[in-house]
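Enquirer: Just dropping this structure here.
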Amino acid sequence: AAGVIQSPRHLIKEKRETATLKCYPIPRHDTVYWYQQGPGQDPQFLISFYEKMQSDKGSIPDRFSAQQFSDYHSELNMSSLELGDSALYFCASTQGSSGLTDTQYFGPGTRLTVL
Amino acid sequence: AQTVTQSQPEMSVQEAETVTLSCTYDTSESDYYLFWYKQPPSRQMILVIRQEAYKQQNATENRFSVNFQKAAKSFSLKISDSQLGDAAMYFCALIIQGAQKLVFGQGTRLTINP
Numbered sequence: 278a279a280g281v282i283q284s285p286r287h288l289i290k291e292k293r294e295t296a297t298l299k300c301y302p303i304p305r306h307d308t309v310y311w312y313q314q315g316p317g318q319d320p321q322f323l324i325s326f327y328e329k330m331q332s333d334k335g336s337i338p339d340r341f342s343a344q345q346f347s348d349y350h351s352e353l354n355m356s357s358l359e360l361g362d363s364a365l366y367f368c369a370s371t372q373g374s375s376g377l378t379d380t381q382y383f384g385p386g387t388r389l390t391v392l
Numbered sequence: 009a010q011t012v013t014q015s016q017p018e019m020s021v022q023e024a025e026t027v028t029l030s031c032t033y034d035t036s037e038s039d040y041y042l043f044w045y046k047q048p049p050s051r052q053m054i055l056v057i058r059q060e061a062y063k064q065q066n067a068t069e070n071r072f073s074v075n076f077q078k079a080a081k082s083f084s085l086k087i088s089d090s091q092l093g094d095a096a097m098y099f100c101a102l103i104i105q106g107a108q109k110l111v112f113g114q115g116t117r118l119t120i121n122p
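Line by line, the protein sequences give chains S and V.
Count along the first sequence starting at 1, add 277, and that's the number in the working numbering.
Count along the second sequence starting at 1, add 8, and that's the number in the working numbering.
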């Protein structure tokens, strides 16, 4: 079965640079979620989108922004990168239009390293 | 606010034996869902099992089963006939009905001894 696709899988950036992470949800899934997992930590919710609209927001820095496009893929844009942004960034997807609280299926993650 | 607590940072078990991972949670909501996710060394987050709070019957998926005690707010995972491939970090997670955000516990690292 098709899974969530994230690209790139690995990304190395310098401090103060900008990074863009992409997420392609499972086919027919219309809701995407972004999580950040720091070293040795549990995943922390950043933001979610349903039908191209932001549906919830967690502990996402103002330097980060995200959007969902008409094909339901999502991009997380991170500017003025800091060393502390080094983490594994997960995207997950569900079929939100079902009206049920569905299981979130995760992508493989993007490992961001800020030097 | 919801919280999830996993009090066992590390566990180990002999191959083919049974192990139970503990999880407690706190929420004032009555309608919610609980999950166990597995994160092997590849760091992929893989769903192991899901439990709806309104269901009294404990969920089971092959060698994986849960002991859901709603009144005690406890949600433990039992792995039977442990296999080397079960070695991973296991996260317990909670989501409220209608909410977007999964709240995770701190994780339990499970080692399988051959």
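Even for Gly, the Cβ is constructed at its ideal location relative to N, Cα and C.
1) Distance cutoff 8 Å, beta carbons only. Does Met-53 (chain V) sit that close to anything in chain S?
2) Can you find the residues in the same chain that come closer than 6 Å, C-beta to C-beta, to Phe-322 (chain S), ignoring five residues on each side of it along the sequence?
3) Of the residues V:Met-19, V:Phe-83 and V:Tyr-40, which one's Cα is nearest the Cα of Val-27 (chain V)?
4) State the Cα-Cα distance for the pair Ser-54 (chain V) and Gly-93 (chain V), rounded to the nearest angstrom.
5) Please state whether DSSP places Asp-333 (chain S) in a helix, a strand or coil.
6) Determine the direct distance from the alpha carbon of Ser-38 (chain V) to that of Val-281 (chain S), and round the result to whole angstroms.
7) When you compare each of S:Gln-381, S:Thr-390, S:Ile-324 and S:Ser-351 to Glu-359 (chain S) by their alpha carbons, which one comes out closest?
8) Below 8 Å on the Cβ atoms is my guess for Tyr-33 (chain V) versus Leu-85 (chain V); work out the distance and round it to an integer in Å.
9) Work out the CA separation of Gln-345 (chain S) and Met-330 (chain S) for me, nearest whole Å.
10) I want to see whether chain V comes within less than 8 Å of Gly-315 (chain S), judged by CB atoms only; does it?
11) Classify Asp-319 (chain S) as helix, strand or coil using the three-state DSSP reduction.
12) Short check: CB of Ile-57 (chain V) to CB of Phe-72 (chain V), under 8 Å?
13) Whose C-alpha, out of S:Glu-291, S:Arg-293, S:Thr-297 and S:Ala-278, is nearest the C-alpha of Pro-285 (chain S)?
14) In the DSSP assignment, what residue or residues form a beta bridge with Ala-101 (chain V)?
15) Quick check: what's the CA-CA separation for Phe-326 (chain S) versus Phe-83 (chain V)?
Expert: Based on what the coordinates show:
1) yes
2) Tyr-312 and Gly-335
3) V:Met-19
4) One detail in the question is off: residue 54 (chain V) reads as Ile in this sequence, not Ser. The straight-line gap from Cα to Cα measures roughly 13 Å.
5) strand
6) 30 Å
7) S:Thr-390
8) No, Tyr-33 (chain V) and Leu-85 (chain V) are not in contact; Cβ-Cβ is about 13 Å, not under 8 Å.
9) 7 Å
10) no
11) coil
12) yes
13) S:Thr-297
14) V:Phe-43 and V:Phe-112
15) 29 Å
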